[in-house]
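Q: In this text, residue positions in the sequence shown follow our numbering: the first is 1, and each later residue adds one. Ideal Cβ positions, reconstructed from N, Cα and C, are used throughout, including at glycine.
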Amino acid sequence: MNIGEAAAASGVSAKMIRYYETLGLVSPGRTGANYRVYGEDDVHRLRFIRRARSLGFSMEETERLLALWDDKTRASAEVKRLASAHIADLNRKIAEMRGMVDTLSDLVSCCHGDARPNCPILADLAGDEGAAKRKAKGRAAKG
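(1) How about arginine 50 and valine 26: do their beta carbons lie closer than 8 angstroms?
(2) Taking the C-alpha atoms as reference points, what is the distance between serine 64 and isoleucine 94?
(3) With DSSP collapsed to three states, give me the class of glycine 179.
(4) So who's on the other strand from valine 37, going by DSSP bridges?
(5) Can the beta-carbon of cysteine 111 be found less than 8 angstroms from the beta-carbon of proline 117?
(6) Just to confirm my understanding: we take alanine 14, look at its own chain, exclude 5 residues before and 5 after, and list those with CB closer than 7 angstroms. What are they?
(7) Suppose contacts are defined by Cβ-Cβ distances below 8 angstroms. Is valine 43 in contact with serine 10 by that definition?
(8) In terms of residue numbering, what span does the alpha helix (DSSP H) encompassing threonine 73 cover?
(9) What is the DSSP secondary structure of serine 109, reduced to helix, strand or coil?
(10) So valine 79 and leucine 68 are in contact, right, with Cβ under 8 angstroms, and what is the actual spacing, rounded?
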């Protein structure tokens, strides 16, 4: 199948397929006219890559997972280690985002959102120390 058909079958754009080829993740055959020819194995690899990327694995991690998938003598312990490390990384990112949500929620609750020009959100973004103190004082009064 040609690259357009492989893209349709795998759910990966032709542009990304070419990129993955430059990384050596897929190696399609070539016709006499030098057109790429993809087989079912190539489509399966592309689906693997798409799924790994959709779970947030980096390209480096995806490449390692592909190598493990290709190695039929591999121990599943290495795959589990990679996935567990990725879970830990995702949990760190989630905690960081929760902190962002908490901070923004505090700032939004301090903002009157009316015609006044004063805005604690903008003051905080600008690094206004007074705004940070007022925000902390407001939280202390609530709690």
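A: According to the structure shown:
(1) Along the sequence shown, read from residue 1 onward, the residue named residue 50 stands at position 50. Along the sequence shown, read from residue 1 onward, the residue named residue 26 stands at position 26. Taking 8 angstroms as the Cβ cut-off, arginine 50 and valine 26 do not qualify as a contacting pair.
(2) In the sequence shown, the residue the question calls residue 64 occupies position 64. In the sequence shown, the residue the question calls residue 94 occupies position 94. Note on identity: in this sequence residue 64 is arginine, with serine being the wrong assignment. Taking the Cα positions, arginine 64 is about 24 angstroms away from isoleucine 94.
(3) Look at the range of the chain in this structure, 1 to 143, and you will see that residue 179 is not part of it.
(4) Your numbering for residue 37 matches position 37 in the sequence shown. Answer is Gly29.
(5) Reading the sequence shown from its first residue, position 111 is the one you call residue 111. Reading the sequence shown from its first residue, position 117 is the one you call residue 117. Annotated as distal: cysteine 111 and proline 117, with beta-carbon spacing of 8 angstroms or more.
(6) Here residue 14 refers to the residue found at position 14 when the sequence shown is read from its first residue. Here the set comprises Ile3, Gly4, Ala7.
(7) Against the sequence shown, residue 43 aligns to sequence position 43. Against the sequence shown, residue 10 aligns to sequence position 10. A contact, by the Cβ cut-off of 8 angstroms.
(8) Taking the sequence shown and counting its residues from 1, one reaches residue 73 at position 73. No alpha helix (DSSP H) holds threonine 73; DSSP gives it neither H nor E.
(9) On the sequence shown, residue 109 is found 109 positions in, with the first residue counted as 1. In the structure shown, serine 109 sits in a helix (DSSP, three-state: H, G or I).
(10) The residue labelled residue 79 in the question sits at position 79 within the sequence shown. The residue labelled residue 68 in the question sits at position 68 within the sequence shown. Contact flag correct, Cβ pair sits at about 5 angstroms.
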